[in-house]
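Last residue of the sequence shown? That's 337 in our numbering, and every number before it is there in order. All C-beta atoms in this analysis are idealised placements derived from N, C-alpha and C, irrespective of residue type, glycine included. Computed from a prediction, not measured in an experiment: that's the story for all the values here. Working notes for the structure below.
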Amino acid sequence: MAYTPKYFRGWHNIQFPTSSQDNEPKYDPKIAWWLAQCSQLSYENKITVATELRAANFTHVVFFDNEGTQAFLAVHPGVSGGEKFAVLAFRGTEQDSIDILTDINFVTRLFPDENLVEEPTQEPEALQKESNKNKKDEDNKKLYAHGGFLKGVLNVWGCALRQEIKDIYPNVSSDWKGAPGLSNAICELGLDTPLYFTGHSLGGALATLAAYKALVYKSNVKINALYTFGSPRTAQRPLAKAINKELSGKLYRVVNYIDVVPRLPPRIPVILAFRHIEKLIYFNKNREPQELSQPGILLSDVSVLLLAILEVALSWLSFKKYVPQTIQKHMITEYIKDIEHEIGLKGTN
């Protein structure tokens, strides 16, 4: 019996525009559809992932799996004559469990920021004086991420050497001896293959940090965009600002209206300073999208969190017969329904 694909149904008719006509980056629901399909597929076993990707005409796939972090990088030659593209999709939290709420903790970890090359100065005394003067400000600008999410990215990062180091030693070989991983694979893509980062839930958080960390290889790879679905808060304010600045116009955080996970960890001034990245693509209860800048609507967060607590209590009292809508709306299938409603696609998934 012939295998019937479960994912990417109708893909021949859904373009993947790697660049807009006006050359300005913008959210595209068709790209969102492809990336949401990849995000959902990431929950499957490897043979299913490979089979489904091949059925959708992806020509190459690399898997990453270490200490609980799982992802795949897949290359597509283009849809209906379109340009080649690559997708790096991170697996998220298991989709059908109330335990998803327990996966969100509040530990922070210093982000190993290698995205800037610090230029040496010819005036060390002046540099020292300025350094002492602004020491407090510099401390406040340290980049902190959610510790668990950052560890997940580092688990599979790899050992590709950045171009700047190679340029320092142009006439001799330089190398980084370590286990290969994501960085090696994305550098092998080259600048002719636009790369898209994506993930659902925890996978969205991992994809966010990975996209920023990958900037050290911008001489080797073309990072086109990051699309996340139901991602929790990932970074403290300085890191969130750095991500928004360095990847401006390429960040799209898709949220379903009462999905509780994007409200976690909760924002508590001073105590919990986790922030979201821009830009927010918000689907209301009628599955209508709104494109917003960073909203920071505390009341909305509080309302959804309180509703989630009530619903979880009802679920326990009913021996899990009641399914909390604040968690149900977090499922990647709900996000796919939102996007398919947006592009007028029905009955394909």
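Opposing strand residues paired with residue i [DSSP bridges]
i    : result
P277 : F271
V50  : L61
G70  : Per DSSP, none; premise fails for G70.
H357 : This structure gives no information on residue 357, because the portion of the chain shown stretches from -11 to 337.
I211 : L183
Y240 : Y215
Environment of residue i [buried if 16+ CB atoms lie within 10 Å]
i     : result
Q278  : exposed
K267  : buried
K273  : exposed
L190  : buried
S207  : exposed
Y(-9) : exposed
D326  : buried
V141  : buried
W164  : exposed
Candidates the options, of which the one nearest residue i by Cα
i    : options                    : result
P13  : S161, G237 and L41         : G237
H134 : D155, L98, V243 and D289   : L98
S7   : I35, L149, L183 and G169   : L183
Y240 : P5, L23 and P(-7)          : L23
Q58  : A77, F217, F46 and D16     : A77
F271 : Y310, Y(-9), I324 and D155 : I324
A195 : P5, H0 and S30             : S30
I231 : A198, K72 and D155         : A198
Nearest-angstrom Cα separation, counted from residue j out to residue i
i    : j     : result
K233 : P65   : 30 Å
Q25  : D101  : 31 Å
N33  : P(-7) : 14 Å
A20  : I297  : 30 Å
H329 : M319  : 16 Å
R275 : L179  : 36 Å
G129 : T96   : The identity of residue 129 in the sequence shown is Lys, whereas the question assumes Gly. Distance between the alpha carbons of K129 and T96: 14 Å.
T181 : K309  : 47 Å
Y215 : F262  : 19 Å
K139 : A202  : 15 Å
F185 : Q151  : 21 Å
R42  : E55   : 27 Å
8 Å Cβ cutoff, residue i in contact with chain C
i   : result
F52 : This model lacks chain C altogether; it includes just one protein chain.
For the 8 Å Cβ check, are there 3 or more pairs between the region 214 to 221 and the region 248 to 255?
yes
The region 303 to 319 touching the region 224 to 231, judged by at least three CB pairs closer than 8 Å
no
Are at least three pairs of beta-carbons, each pair with one atom in the region 152 to 164 and one in the region 41 to 52, less than 8 Å apart?
no
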